[in-house]
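Engineer: Heads up, the sequence shown is in my numbering, so the first residue is 1209 and it goes up one at a time. By construction, the Cβ of each residue, glycine as well, lies at the ideal position given by its N, Cα and C atoms. The model shown is predicted, which means the values in this text are computed figures rather than measured ones.
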Amino acid sequence: MSIILTQNVRINTLITNCVDNMKKWNYNVPNTIKFVIVEPRRFLGQCVFAKNGNPLTIKLNRSLINHGTENDITETIYHELIHASLPKGTHHNATWCKVAKEVNEKTGLHISRLADSSKLGADYYKEYKYVFRCKKCGKIIGLSRMTRFVKNYNKKDSNGEPLWWHSKDHGEFERIK
Ligand SMILES: [Zn+2]
Ligand SMILES: [Zn+2]
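(1) How many angstroms separate the CA atom of V1237 from the CA atom of K1364?
(2) Hey, which residues come within less than 6 Å of ligand 2, measuring from Cβ to any heavy atom, in chain order?
(3) Does DSSP classify E1313 as helix, strand or coil?
(4) Just to check, is the beta-carbon of R1321 closer than 8 Å to a non-hydrogen atom of ligand 1?
(5) Jot down the residue ranges of each uninterrupted beta strand (DSSP E) in the segment 1251-1322, minimum 3 residues, whole runs only, in chain order.
(6) Output needed for E1283: all residues of its chain with C-beta closer than 6 Å, excluding positions within five of it in sequence on either side, in chain order.
(7) Can you list, in chain order, the residues of its chain whose CB lies under 6 Å from that of N1301, leaving out five sequence neighbours each side?
(8) Is the beta carbon of E1288 within less than 8 Å of some heavy atom of ligand 1?
(9) With a threshold of 8 Å (Cβ to nearest heavy atom), would H1318 be considered close to ligand 1?
Following this line, the structure appears as structure tokens:
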């Protein structure tokens, strides 16, 4: 097996531990996985399946790595390793949820379908350029780049309806950074 690790020794220890456990529990972890730490994005982690000669790659959000607790980081690594162990296109279907539940039972962690970065605290958002909060539920969203959302988050259409809202509760966003 060859696991291609990051530059971060502390994270590599967590990664190696998670991969070893997944193999020990007989999940179908690919032989080659490349782990990389990427600039802060909307996701905490992302599994990119092998293509064009590139190995399966698991991306970890740098802000999570710098400001998340060990449990937050470990849950994200497992979340992505579960994707990696299942066929491409499985997403968060019943099979994914079943494996996540099994791993939670074995580890005492809380791996979830949708990791909410709002719980990671203010430091997590320091590395983001733009930060928004839902006025209804308080959900926080960080972005590193100028996007259509950043430009138009508070614009209204011709009927006075907001162009963007939090899909969960129709709350409007306010910019806090
Ligand atoms: Zn996922
Ligand atoms: Zn909301």
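Structural biologist: Let me lay it out:
(1) 47 Å
(2) C1342, K1344, C1345, K1347, H1374, K1376, D1377 and G1379
(3) helix
(4) yes
(5) 1253-1256 and 1264-1269
(6) L1317 and I1319
(7) none
(8) E1288 has its Cβ nearer than 8 Å to a heavy atom of ligand 1.
(9) no
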